[in-house]
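Numbering (the working numbering), first residue to last: -1 to 181.
Down below is the structure, laid out as structure tokens.
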């Protein structure tokens, strides 16, 4: 179940460590926990925050204490993409928590990223707000998705591909014969 997988639990714990708050502020149902399960998840997060509290001021230490190797790998991949100027579509709560580690290290660390969608996880919108504090970029989609597995990014990529095709294939006013328009 959710606590066995633990991915949104880790995302909530990292979010609390990086941006403040309690487990209850960041924990949600993940793959389908009932309210009692969400409360238990929040308690586990609070215990982890208390256990590692003195080490959580540094984003990389927070990642080492609370994250798993998969979250660290995501953060590393995001960093490598930035270094190589590869654009990235962020996918969901867990991926955004990995991105948050980089954002806390460098305010411009995610300048190559855009949010593919707003996850249905309750705290996902708040986390996106921290990643894009000036609200220049809203997520491309808001379809209440919670599957993960890259499904939101894959869906958003189709939207990006369609937008590029439309832009590249769009006739100018002159080409379309629109009277009185130059371009």
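For every residue, glycine included, the Cβ atom is placed at its ideal position computed from N, Cα and C.
Look at the Cβ atom of residue 25, then the Cβ atom of residue 10, and state whether they are nearer than 7 Å. yes
Quick check: the Cα distance between residue 166 and residue 75, rounded to an integer number of angstroms? 30 Å
Under a three-way DSSP split, which group does residue 176 fall into? coil
Quick one: residues in its chain with C-beta nearer than 7 Å to the C-beta of residue 64, no 5 flanking neighbours on either side, listed in chain order? Closer than 7 Å at Cβ, skipping near neighbours: 8, 11, 12, 15, 46 and 50.
Sorted by chain position, which residues of the same chain lie with C-beta nearer than 6 Å to residue 80's C-beta, five sequence neighbours on each side aside? 110
Take residue 36 as the anchor and find which of 84, 119 and 107 has the nearest alpha-carbon. Comparing Cα-Cα distances from residue 36 to each of 84, 119 and 107, the minimum goes to 119.
To the nearest angstrom, report how far apart residue 159 and residue 43 are at their CA atoms. Cα to Cα, residue 159 sits roughly 39 Å from residue 43.
Backbone CA spacing between residue 41 and residue 148 [nearest angstrom]: 28 Å
Rounded to the nearest angstrom, how far is the Cβ of residue 94 from that of residue 88, given a contact under 8 Å? 6 Å
Nearest CA to the CA of residue 21: which residue from 39, 34, 31 and 62? 39
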